[in-house]
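For the record, the sequence lines run as chains U, X, V and P.
Numbering that gives the first Met the number 0 puts the first sequence at residues 0 to 363.
Numbering that gives the first Met the number 0 puts the second sequence at residues 0 to 363.
Numbering that gives the first Met the number 0 puts the third sequence at residues 0 to 363.
Numbering that gives the first Met the number 0 puts the fourth sequence at residues 0 to 363.
Protein chains: 4
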Amino acid sequence: MSNTFGRLFQVASFGESHGTAVGCVVDGCPSGLPLSVEDVQKELDRRRPGQSSLTTSRREKDQASILSGIFDGKTLGTPIAMVVENHDADSSKYLKMKDTPRPGHADYTWRMKYGLVDWRGGGRSSARETVGRVAGGAVAKKLLSRFGVHAVAFAREIGGVECDKDFVFKKNIQAVIDSTPSRTLDKESSRMMGEVILEAKGRGDSVGGIIECVAVGVPPGLGEPVFDKLNADLAKAVISIPAVKAIEFGEGFNFPYMLGSEANDEFILKGRNVLTKTNKCGGIQGGISNGMPIVLRVAVKPTSSISKSQNTVNLKSMKKAKIQVEGRHDPCIVPRAVPVVEAMVNLVLADHMLISGVIPRKLD
Amino acid sequence: MSNTFGRLFQVASFGESHGTAVGCVVDGCPSGLPLSVEDVQKELDRRRPGQSSLTTSRREKDQASILSGIFDGKTLGTPIAMVVENHDADSSKYLKMKDTPRPGHADYTWRMKYGLVDWRGGGRSSARETVGRVAGGAVAKKLLSRFGVHAVAFAREIGGVECDKDFVFKKNIQAVIDSTPSRTLDKESSRMMGEVILEAKGRGDSVGGIIECVAVGVPPGLGEPVFDKLNADLAKAVISIPAVKAIEFGEGFNFPYMLGSEANDEFILKGRNVLTKTNKCGGIQGGISNGMPIVLRVAVKPTSSISKSQNTVNLKSMKKAKIQVEGRHDPCIVPRAVPVVEAMVNLVLADHMLISGVIPRKLD
Amino acid sequence: MSNTFGRLFQVASFGESHGTAVGCVVDGCPSGLPLSVEDVQKELDRRRPGQSSLTTSRREKDQASILSGIFDGKTLGTPIAMVVENHDADSSKYLKMKDTPRPGHADYTWRMKYGLVDWRGGGRSSARETVGRVAGGAVAKKLLSRFGVHAVAFAREIGGVECDKDFVFKKNIQAVIDSTPSRTLDKESSRMMGEVILEAKGRGDSVGGIIECVAVGVPPGLGEPVFDKLNADLAKAVISIPAVKAIEFGEGFNFPYMLGSEANDEFILKGRNVLTKTNKCGGIQGGISNGMPIVLRVAVKPTSSISKSQNTVNLKSMKKAKIQVEGRHDPCIVPRAVPVVEAMVNLVLADHMLISGVIPRKLD
Amino acid sequence: MSNTFGRLFQVASFGESHGTAVGCVVDGCPSGLPLSVEDVQKELDRRRPGQSSLTTSRREKDQASILSGIFDGKTLGTPIAMVVENHDADSSKYLKMKDTPRPGHADYTWRMKYGLVDWRGGGRSSARETVGRVAGGAVAKKLLSRFGVHAVAFAREIGGVECDKDFVFKKNIQAVIDSTPSRTLDKESSRMMGEVILEAKGRGDSVGGIIECVAVGVPPGLGEPVFDKLNADLAKAVISIPAVKAIEFGEGFNFPYMLGSEANDEFILKGRNVLTKTNKCGGIQGGISNGMPIVLRVAVKPTSSISKSQNTVNLKSMKKAKIQVEGRHDPCIVPRAVPVVEAMVNLVLADHMLISGVIPRKLD
């Protein structure tokens with residue numbers, strides 16, 4: 000538990016930000032799936048720091064190695080261990096902060112829980128741990144794509160700037176999104192989001208935003224009532240991502256302002272298929288997928304590490320202190336969190352596809 | 000899995016709405032905890048149907064029996080099996096709906112998943128399954144109260160009517176809330192909420208709302224990064240409740256509109272204790288409790304079973320159909336969902352108190 | 000955990016020997032399986048006390064009730080809760096023993112672990128908890144029989160008397176075994192075993208034995224290396240039964256006296272099927288079933304509750320003490336443990352059939 | 000599951016015999032435990048091939064790297080990832096055997112289960128996977144030693160040669176055992192065992208044996224009835240080791256030949272401590288440790304890979320075939336399996352010490 004996610008499709012994650020390496024072990028992937036290190040690298044590159052002026056200046060190539068689980072270009076059904084070494088770690092800035100927890104950060108709670116902490120770069124509480132999520136999610140993504148399931152995430156809103164374009168799934172949608180530095184649906188929204196980010200950065204501050212994720216091709220019947228509902232598992236998966244503080248499905252926090260007659264999705268026939276006319280529930284009813292796109296949105300808080308002066312406490316001297324966080328930090332984590340949200344959604348969907356028997360244990 | 004929740008403190012839930020009984024088995028409660036059937040009954044009474052004009056007219060006494068796990072008035076550390084028989088089930092209304100799934104309800108997805116379903120009263124997809132949650136949660140509540148932890152939920156908003164009173168924890172706060180039919184912080188808000196509910200009911204419609212839950216006395220250090228964070232487990236627990244479609248912690252969906260300098264909770268000293276000046280994070284940082292109150296809010300959608308005419312599909316004839324849902328339904332589920340949210344929060348907290356070792360396996 | 004067994008096919012067991020009831024909740028059984036209370040009762044009757052002079056004189060009808068999970072004579076895919084009330088409990092004999100732990104029994108260790116114990120009839124440490132195993136196993140048995148898998152157990156040896164007949168599977172084999180009081184392969188062996196049991200009983204003593212279990216029809220490919228091997232899961236399942244102290248597969252403890260060339264099972268062709276010429280490995284190679292019958296044997300120790308005088312310690316006064324166990328006890332638990340071994344084997348096989356995808360989640 | 004072992008103290012294992020690397024991720028070790036790569040290396044060296052003429056001639060240094068989870072020489076409470084690269088893999092001998100499964104080996108069942116298999120050196124079905132067990136077990140061992148718990152295994156019997164010396168725990172007992180090539184209690188037994196091994200090897204054959212493991216210092220109260228009993232978890236752990244086919248606790252398979260009065264361990268007082276006069280139950284009563292040494296014995300079958308000619312089937316041509324296994328194999332796996340048995344016992348004990356709360360989550 001704790002660093003392992005999933006039941007039949009599992010990811011065991013490891014690694015500290017400035018330690019030797021980060022990575023994960025994927026267990027439960029069916030045998031016979033074509034998989035290469037490039038499939039994983041492609042996803043890690045989307046999460047990698049230093050991609051644009053909007054992100055941290057830490058330079059990590061985030062080169063993945065696969066140590067096991069693949070033979071003749073296919074998965075064996077055995078654990079797939081993946082390692083990414085840390086290279087550009089600069090711990091110098093963290094030494095002087097080690098007894099003064101950063102407001103909004105996990106510094107304080109980790110120290111309360113574990114006593115000993117690796118203060119270099121936040122150790123394991125750093126968002127660098129999401130390398131393991133993305134590497135594991137890459138395997139899930141490859142598996143799901145074979146069964147026609149695709150999850151796509153993007154920045155719906157950053158620092159108050161909303162992209163109000165409707166999301167429409169098409170083959171190249173992810174490439175379109177990736178071509179914008181803010182990871183949103185159009186260039187103009189991305190430009191405006193970028194301005195807000197850089198403005199905050201210039202003031203030594205940071206901004207947050209909203210990430211939307213849509214999964215298409217999900218067959219009806221995924222989800223295990225009553226506790227392991229599909230939305231329950233998705234909620235856990237996504238809320239576990241650093242800086243994510245809220246999640247809603249379909250109309251989510253609009254539901255309280257609707258009447259039942261407005262909130263219900265009526266059933267319609269399309270040929271022999273039963274669909275819903277609307278998709279206010281976001282593709283999940285009673286915790287089980289209904290075949291419509293799954294739609295969720297998450298709130299990402301502004302990066303807690305800011306260079307503005309803040310009040311804190313020196314835990315050694317037990318006296319008041321001031322802190323101005325140095326080191327290299329993203330002024331907005333949303334663009335780089337986009338592939339992480341996708342990864343967690345993919346992990347949950349792959350797990351439920353296996354649990355429900357839609358994906359067999361052995362591929363031909 | 001699926002009908003079992005928790006790791007060290009577990010609840011295995013069972014039962015269909017119109018079957019013989021509903022209930023649960025609690026496993027992992029430490030030995031030596033004073034526990035009586037009244038402790039459980041008290042909580043079930045708060046969830047029971049037919050408490051006021053705002054709720055369904057189904058009359059169930061929801062009388063609990065405890066079959067095991069208690070001796071000389073104390074828990075044995077062995078499984079506590081609890082059973083509530085179903086008495087006032089009226090399946091007649093459901094027979095004619097059995098092939099026409101109700102919009103917004105789990106009827107369709109359960110049929111896709113399981114093939115055979117118990118159509119009487121919604122079977123296991125009925126919110127009646129929450130009897131098991133509340134019975135299990137009652138045990139967790141008793142355990143937590145011994146360690147000074149208290150979770151209190153209430154209706155923050157119903158059908159657009161907001162109770163804007165600040166929540167302040169005090170000994171009798173739950174009694175105050177329970178004394179209002181809408182389960183909110185003051186009588187006037189409750190009255191207005193009640194009006195909106197009855198108005199919707201009069202039109203054959205329904206409304207939803209927002210439930211807030213605050214847990215006080217939670218020690219710092221609960222939560223298991225990176226995947227089993229305290230907020231991640233709470234999110235899963237609460238999103239698994241029927242009709243809950245969204246959850247936020249602390250400022251939640253406000254975070255995207257704040258700067259980092261506004262969102263961070265600065266640390267202050269109060270004697271030898273480290274506190275935060277504000278509690279925007281809702282008591283959880285980096286997935287670990289920080290000792291401040293845990294604050295979460297959930298969106299509850301309007302009840303899907305409404306008597307207004309809606310479009311659906313007859314799954315047997317595979318033709319278009321109309322449906323007007325009969326049977327006895329709550330025009331707003333929020334008041335009765337309040338103790339269910341508390342129950343799930345208590346279950347998560349009890350589990351994490353055991354996992355972190357704060358609660359021992361054997362009480363004196 | 001602890002009182003819940005299995006991953007996809009789960010049994011949550013509950014109940015004390017002299018409490019209100021014992022029973023279990025089965026979760027994960029596919030929907031659409033014809034199942035009645037008679038299917039469960041039939042198995043409970045095989046485990047029931049008071050069946051012959053060889054067993055305890057406690058009179059329990061062990062009448063099962065099913066509270067949930069079945070509709071129109073078929074499983075719903077939802078939890079199946081089963082309850083057996085305790086009627087003929089006589090706690091009087093136990094009161095005077097409550098501070099003097101019985102040698103060989105769990106009295107002492109339960110008290111160390113839990114502090115408070117239900118001393119009446121051994122509480123939950125009584126073999127009466129196996130009612131839950133057998134009820135759960137009955138569901139697994141029904142499910143497996145639909146897929147041609149049958150597990151049959153019998154007494155291979157009791158008190159030094161061996162039944163040396165070869166086990167040959169046939170349709171009515173279980174009825175043949177059940178028709179013998181000692182639950183073995185032939186009447187003559189049963190008679191001799193019975194004599195040894197009664198002789199020991201007459202001296203206020205008890206005997207143990209060896210139970211063999213053979214599962215036929217198991218498809219190749221069950222078992223999840225490296226830790227959840229089929230034999231590993233079977234070992235855990237069977238060793239968890241009260242009084243079982245050892246398990247061996249195939250040649251088991253004979254393997255150390257064989258050469259590799261004697262121990263290996265050579266592969267042969269039978270039509271298009273690959274079989275092994277011998278079955279020394281007991282149907283499992285590398286932790287995975289190979290399609291041959293699974294064969295295991297377990298050692299059952301003599302019942303610890305005997306009326307002979309034994310030394311013990313009074314845990315209250317912390318002084319030496321003597322004990323002569325009264326109450327009603329089986330002088331040999333082997334005959335009644337036979338259906339319990341079967342039940343645990345069936346639970347493991349059903350779980351692995353689901354995990355490997357051989358059994359779907361929804362039956363037609 | 001499947002490649003992950005344990006609940007609170009978990010090991011996720013990975014790696015194929017001739018792939019890039021083998022290793023594991025340990026999750027759940029408390030923070031603050033002094034741990035170095037030498038602690039792990041020391042144990043791997045005991046398992047390493049090529050240690051004497053009795054073992055395979057494959058030359059692997061089995062050099063461990065620790066990638067995460069340690070800081071300032073102590074554990075962080077975060078996952079400890081450990082990697083051992085494969086260097087001396089020679090796959091040439093395996094190519095010609097790839098369609099002719101070796102009798103007694105997992106070749107056939109893995110192919111049935113997974114379709115695609117890494118035939119080089121047996122892939123993941125090779126006993127080389129036990130590197131992950133031993134590395135994980137080394138962390139558990141270090142943790143347990145701090146709490147005075149020590150598990151020691153040794154060859155009780157090899158190829159019919161028994162070491163009949165009583166096991167007596169002392170500080171240097173492991174060094175004494177390790178100084179004998181057969182890993183037994185005295186040099187003379189070791190010499191005779193070695194002769195039997197080499198004789199079998201000379202004939203192109205192999206032998207098996209019996210490994211005994213004793214754990215001292217185990218506090219009373221470990222074990223979670225009714226399913227997660229300490230002996231049940233130990234049985235699963237140890238039976239999951241390649242080539243292990245049976246396990247017994249205490250008197251084990253002798254119990255069927257004893258009377259209850261002979262089998263029971265009477266309680267005695269030693270000062271204020273309650274002990275048992277004998278230890279026939281092997282330190283576990285009712286699935287819970289009683290504070291006496293835990294004693295278990297396992298049957299190890301002769302190595303299946305032998306150079307004698309055997310019958311098999313060519314799975315490609317589906318015709319009869321002969322096989323003479325080449326490659327480098329241990330003629331007896333017992334000596335190298337000794338540290339593997341210890342590792343699995345240590346993993347179970349560490350897990351139960353955490354579950355029962357004897358070991359806290361944070362060490363000082």
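A virtual CB, placed ideally from N, CA and C, is assigned to each residue, including glycine.
Cβ closer than 8 Å: which chain U residues qualify as neighbours of residue i?
i: K73 (chain P); result: L115
Strictly by DSSP, which residues pair up with residue i?
i: P33 (chain U); result: U:K73
i: Q284 (chain V); result: V:I287
i: C212 (chain U); result: U:A152, U:L295
i: Q9 (chain P); result: P:D26
i: N272 (chain U); result: U:K269
Return yes when at least one heavy atom of the ligand PLP lies under 8 Å from the C-beta of residue i, else no.
i: K95 (chain V); result: You won't find the ligand PLP in this model; it holds no ligand whatsoever.
Smallest Cα separation from residue i: which of the options?
i: V24 (chain P); options: P:L53, P:K112, P:G5, P:S16; result: P:G5
i: G103 (chain P); options: P:G207, P:E37, P:A63; result: P:G207
i: I305 (chain X); options: X:K321, X:L32, X:H86, X:R360; result: X:K321
i: A63 (chain V); options: V:N85, V:T179, V:N230; result: V:N85
i: V39 (chain X); options: X:T54, X:G22, X:K307, X:L53; result: X:G22
i: V215 (chain U); options: U:L66, U:L348, U:T108, U:R110; result: U:L348
i: V225 (chain X); options: U:M257, U:T129, U:D26, U:F146; result: U:T129
i: D87 (chain U); options: U:I79, U:P48, U:L34, U:R182; result: U:P48
i: K169 (chain U); options: U:K279, U:S35, U:P292, U:V340; result: U:P292
Compare the beta carbon distance of residue i and residue j with 9 Å and say whether it is the shorter of the two.
i: I210 (chain P); j: A262 (chain P); result: no
i: G135 (chain U); j: M81 (chain U); result: yes
i: P334 (chain P); j: S51 (chain P); result: yes
i: F70 (chain V); j: V116 (chain X); result: yes
i: L184 (chain V); j: C162 (chain V); result: yes
i: A342 (chain U); j: E42 (chain U); result: yes
i: G222 (chain U); j: V357 (chain U); result: no
What distance in whole Å lies between the Cβ atoms of residue j and residue i, which are believed to be in contact at a cut-off of 8 Å?
i: C28 (chain V); j: G76 (chain V); result: 7 Å
i: Q309 (chain V); j: E250 (chain P); result: Contact doesn't hold; Cβ gap of about 17 Å is too wide.
i: S90 (chain V); j: R119 (chain V); result: 4 Å
i: V324 (chain P); j: M96 (chain P); result: 7 Å
i: I332 (chain X); j: A242 (chain X); result: 5 Å
i: K361 (chain X); j: A234 (chain U); result: Between A234 (chain U) and K361 (chain X) the Cβ distance is about 34 Å, and since that is not below 8 Å, they are no contact.
i: S1 (chain P); j: D227 (chain V); result: 5 Å
i: K279 (chain P); j: I267 (chain P); result: That pair is no contact at about 14 Å.
Taking 9 Å as the CB-CB limit, is residue i close to chain C?
i: F226 (chain V); result: In summary, chain C is missing from the structure at hand, where the protein chains are U, X, V and P.
Could you list which residues in chain X have their beta carbon closer than 8 Å to that of residue i, in chain order?
i: P218 (chain P); result: None at all; the shortest Cβ gap to chain X is about 13 Å.
Taking residue i as the query, report the chain V residues whose CB atoms sit under 7 Å from its CB, ordered along the chain.
i: R132 (chain X); result: Chain V residues near R132 (chain X): none, gap ~13 Å exceeds 7 Å.
Which chain V residues sit within Cβ distance under 8 Å of residue i?
i: G356 (chain U); result: G356, P359, R360
In chain U, what lies closer than 9 Å to residue i by C-beta?
i: R123 (chain X); result: P224, V225
For residue i, go through chain P and note every residue whose CB falls closer than 8 Å to its CB, in chain order.
i: N2 (chain U); result: V24, D26, T77, P78
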